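With the first letter of the sequence shown counted as 1, position 66 gets the number 64 in this note's numbering; the numbers rise by one all the way through.
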Amino acid sequence: MARTSPDTAILGAGPAGLAAALALSSRGGARIITPSLPAATDVPRVDMVPAAFLAFLLELGIHPGQIGVHDLHDVRRIAWSDSVPETVRASAVAHVERPALELALLAALERMSGFKFVPSPTTHTADPGERVIDATGRRAVSATRITGPAKPWIARVFSRYGAFDKADQAFRLAALPAGYAYRLASPRLLAIGVVVSKAAGGMTPKDIEKYVQAAGAGWVLKGLGSLDSIQAGKGGVASVQWSAGSSEPLRVGDASLARDSLSAQGLCSGISDAISLARNSGHADRWPDREREQLKRHLAFLANAMERSRFRAEKPWAEYRRFLERASGLTRSLGGSGQAPAIGACNIGTRSPDSNRQSPL
């Protein structure tokens, strides 16, 4: 792909970076600086996005069937404030396969002209007049400071290919003494996530299974057999973090605000924010204010969810809640509403943060 425009360099080739590049397709393209590209061998997982997000992806040339979506879901089973799971109906969502999404975005980009992939570490010195977008995820390579809990929560992800009916695909969520467990599936891929405090992050799959069972959340794992028999994915930080630094490069997605996995907001918000930034480059000076407002809203969501957890008095929850209280005090000093969105709220395009909703709780 020939480079036709030197104006933009995108750091990173995850969903946010690839989506930003697609949004620039009508403006001459960009350089995408990345040490690697998505591959079919990447660890599989499933994410939840609002149904309206599918129309947004269609605008980018991504058909739902390419990313494992063949149905919508409005039923969840939740045990958050109580040990007994309840069936909850909420706004329709789609269960999206990864890395199928990244591969579809990459294929759509390769059909465009004006782009060049630069195989390089994601550090970059901007050329004169060049705009740089940092889409390097939680690494946030351009940030001078990253803020998050001193003891971050860690996600342990397991996945299995098979044939799953709609009941098996339904989202399940249960609070645990030091985190939470969730499960969801597409018709052919099932994913389980167990998010635990860093102190508990060294557990083996068998230990995790016993821990979930002992917490009364064994129903999340019901019918799966032993976790030892399921492919274990790469673990990573699941708790909230955000970055700060100079106004250039502009950070987007997890490089700016990495949302807690509990919110089910990260994928949708990261992609839609990246596209919004790319399409509205003339208003880049407003981007920091927008990101601060999103941070305040996410912290308010987390504080509300933590307060409702039946394990809120346990030490890991109490430590996380104290961090949120301190962080919320800091962000209040920055101005703005800080109003909690509907649980699972997600921006789509340039609409307001409350315009599309999904509800994992």
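We put the beta carbon where it would ideally sit given N, CA and C, even for glycine.
A quick note: this is a predicted structure, and the numbers were derived from the prediction, not measured.
Original post:
Is it true that the region 18 to 35 meets the region 74 to 82, where meeting means three or more beta-carbon pairs spaced less than 8 Å apart?
Top reply: no
Original post:
Is the beta carbon of V91 less than 8 Å from the beta carbon of M46?
Top reply: yes
Original post:
Where does G333 land, buried or exposed, given buried means 16+ other C-beta within 10 angstroms?
Top reply: The predicted position of G333 is uncertain, since its pLDDT is 44 and thus under 50; a value taken from the coordinates is nonetheless stated next. Counting Cβ neighbours within 10 Å, G333 comes out exposed, since fewer than 16 surround it.
Subject >> Sub-8 Å separation of R249 and D132 beta-carbons >> reply: yes
Subject >> Bounding residues of the beta strand (DSSP E) (the contiguous stretch that carries M304) >> reply: Not the beta strand (DSSP E): M304 falls in the alpha helix (DSSP H), residues 285 to 306.
Original post:
Would L56 be called buried (16 or more neighbouring beta carbons within 10 Å of its own) or exposed?
Top reply: exposed
Original post:
What three-state label does DSSP hand E207 in the structure shown?
Top reply: helix
**OP:** Enumerate in chain order the residues of its own chain whose CB-to-CB distance from D226 is below 7 Å, with the five nearest sequence positions on each side excluded.
**Re:** P203, K204
Original post:
Is the CB-CB distance between P97 and P36 below 8 Å?
Top reply: yes
Original post:
What span of residues does the beta strand (DSSP E) with E84 cover, start to end?
Top reply: 84 to 96
**OP:** Could you tell me which of R295, E246, H296 sits nearest to T123, measuring between CA atoms?
**Re:** E246
**OP:** Compute the Euclidean distance between the alpha carbons of R129 and L182, then round it to the nearest angstrom.
**Re:** 38 Å
Original post:
Considering only residues of the region 105 to 187, which uninterrupted alpha helix (DSSP H) runs meet the minimum length of 4 residues and lie entirely inside it, listed in chain order?
Top reply: 164 to 167
**OP:** Indicate the three-state DSSP secondary structure (helix, strand or coil) for G264 in the structure shown.
**Re:** helix
Original post:
Can you check whether the CB of G59 is closer than 8 Å to the CB of A106?
Top reply: yes
Subject >> Distance, R290 Cα to R143 Cα >> reply: 15 Å
Original post:
Do you know how far the Cα of A189 is from the Cα of A215?
Top reply: 16 Å
Original post:
R136 and D252 look like a contact to me (Cβ under 8 Å); what is the Cβ gap, rounded to whole Å?
Top reply: 5 Å
Subject >> Residue environment, K294, which counts as buried when at least 16 other CB atoms sit within 10 Å >> reply: buried
Subject >> Residue range of the alpha helix (DSSP H) that includes A11 >> reply: Careful: A11 lies outside any alpha helix (DSSP H) and carries neither H nor E.
Original post:
Whose CA, out of S237, W217, A7, lies closest to the CA of R154?
Top reply: S237
Original post:
Which residue comes first and which comes last in the beta strand (DSSP E) that contains A253?
Top reply: Run containing A253: none; DSSP gives neither H nor E here.
Original post:
Is it buried or exposed for E84, if we count other Cβ within 10 angstroms and need 16 for buried?
Top reply: exposed
**OP:** Could you check the C-alpha separation between G146 and S270 for me, to the nearest Å?
**Re:** 23 Å
**OP:** With DSSP collapsed to three states, give me the class of S195.
**Re:** strand
**OP:** With DSSP as the reference, label D226 as helix, strand or coil.
**Re:** helix
**OP:** Counting only the same chain and skipping the five closest in sequence on each side, list residues whose C-beta sits under 7 Å from that of W315.
**Re:** M304, S307, F309
Original post:
Straight-line CA distance for R284 to Q292?
Top reply: 13 Å
Original post:
Opposite G234 in the DSSP bridges: which residues?
Top reply: A153
Original post:
Do P13 and G191 have their CB atoms nearer than 8 Å?
Top reply: no
Subject >> Outcome for W121 when other beta-carbon atoms lying within 10 angstroms are tallied against a minimum of 16 >> reply: Checking the displayed sequence, the identity of residue 121 turns out to be Thr instead of Trp. Flag for T121 reads exposed.
Subject >> Cβ neighbour criterion (16 or more within 10 Å) applied to H296 >> reply: buried
**OP:** Work out the CA separation of L52 and V67 for me, nearest whole Å.
**Re:** 9 Å
Original post:
Which residues mark the beginning and the end of the beta strand (DSSP E) in which A242 is found?
Top reply: 239 to 242
Subject >> Collapsed DSSP secondary structure at A18 in the structure displayed >> reply: helix
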